[in-house]
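Q: Position one of the sequence shown corresponds to residue 1 (UniProt numbering), numbered consecutively onward.
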Amino acid sequence: MSSGPWSDVILERLKIRDEIEKKDSEYYFAFQQLVGKLLLEQSQQRQQADDDEHQQSPFSSKSPSPSTVLGIENEKVKHKSNKSEPLQTTDNAAAVAKDNHLLRAENEELISNLNSITLKNEKLEAIIKEKDKKIIKLEKLASKLQKGIDNLNLEMKEKNKTIELINDENLTNQIQLNVLRDKIEKR
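This is the structure in structure tokens:
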């Protein structure tokens, strides 16, 4: 079971995918910045339109307003001080977008590393499975050979007993032959 060709193909495809994503991530980042700026400009235009509506109120009078008499600041002053906030918001949005881009790039790199580690892990698991199969085959072969050795040992013991019996019979025959020779000589 060879795990080389298909895993190399998958690794190559993952590398191509990662390169495409890295190449396009700059465009995504630029697009996010443009969208952020567009939304900021739209909100500023809406705020400007709201300010203009408040200035052209049909209920204006020639007498001083109570807020002026009491020394309360006009809302226009407050809105003017808030105009620095959109600039800070733009800077913050750009910083967040930049951090977001860096985190995405780091995430893509981590995903790429994880994919390659996963493929290496799968290769190693395939190798382990192959070796486990070989071990099982070798264990079966060792068991079969051990049974053969045991059978040969039993056969050898039986043959040794047979040889002992034959030797005993041969010895008995020699004794009988010697006894008969002695009898013949004595006669």
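Glycine included, each C-beta is placed from N, C-alpha and C at the ideal position.
Note that the coordinates shown come from a computational prediction; the quantities given were computed from them, not determined experimentally.
Assign residue 181 to one of three DSSP states: helix, strand, or coil.
A: Here residue 181 is taken as the residue at index 181 of the sequence shown, counted from 1. Three-state DSSP puts residue 181 in a helix.
Q: If we count the other Cβ atoms within 10 Å of its Cβ and call it buried at 16 or more, is residue 30 buried or exposed?
A: Within the sequence shown, the letter at position 30 stands for residue 30. Counting Cβ neighbours within 10 Å, residue 30 comes out exposed, since fewer than 16 surround it.
Q: Determine contact between the segment 141-149 and the segment 32-48, defined as no fewer than three beta-carbon pairs at a distance below 8 Å.
A: These segments do not touch.
Q: Does any C-beta atom of chain D lie closer than 8 Å to the C-beta of residue 155?
A: Absent here is chain D; the protein component of the structure consists of one chain.
Q: Assuming residue 119 and residue 7 form a contact by the criterion Cβ under 8 Å, report the distance between their Cβ atoms to the nearest whole angstrom.
A: Counting from 1 along the sequence shown, the entry for residue 119 is found at position 119. Counting from 1 along the sequence shown, the entry for residue 7 is found at position 7. Correct: roughly 5 Å between the Cβ atoms.
Q: Find the nearest neighbour of residue 111 within the set 96, 171, 15, judged by alpha-carbon distance.
A: One-based indexing of the sequence shown puts residue 111 at position 111. Of the candidates 96, 171, 15, the one whose C-alpha sits nearest the C-alpha of residue 111 is 15.
Q: Examine the Cβ distances between the segment 133-140 and the segment 33-40 and report whether three or more of them are shorter than 8 Å.
A: Short answer: they don't touch.
Q: Around the C-beta of residue 95, are 16 or more other C-beta atoms found within 10 angstroms, so that it is buried, or is it exposed?
A: Within the sequence shown, the letter at position 95 stands for residue 95. By the 10 Å Cβ count, residue 95 comes out exposed.
Q: Quick check on DSSP: helix, strand or coil for residue 13?
A: The count along the sequence shown starts at 1 and reaches residue 13 at position 13. Three-state DSSP puts residue 13 in a helix.
Q: Confirm, please, whether the CB-CB distance from residue 33 to residue 97 is below 8 Å.
A: Numbered from its first residue, the sequence shown carries residue 97 at position 97. Numbered from its first residue, the sequence shown carries residue 33 at position 33. Taking 8 Å as the Cβ cut-off, residue 97 and residue 33 qualify as a contacting pair.
Q: Could you pull out every residue in the same chain whose Cβ sits closer than 8 Å to the Cβ of residue 10, ignoring the five residues on either side in sequence?
A: Locating residue 10 in the sequence shown gives position 10, counting from the first residue. Contacts found: 119.
Q: Enumerate in chain order the residues of its own chain whose CB-to-CB distance from residue 90 is below 8 Å, with the five nearest sequence positions on each side excluded.
A: One-based indexing of the sequence shown puts residue 90 at position 90. The answer, listed in chain order, is 36, 37, 40.
Q: Residues in the same chain with beta-carbon distance under 8 Å from residue 22, minus the five sequence neighbours each way, listed in chain order, please.
A: By 1-based counting over the sequence shown, the position of residue 22 is 22. Result list for residue 22: 105, 108, in chain order.
Q: Among 18, 183, 26, which one has its Cα closest to the Cα of residue 100?
A: The sequence position of residue 100 within the sequence shown is 100, counting from 1. Comparing Cα positions, the closest option is 26.
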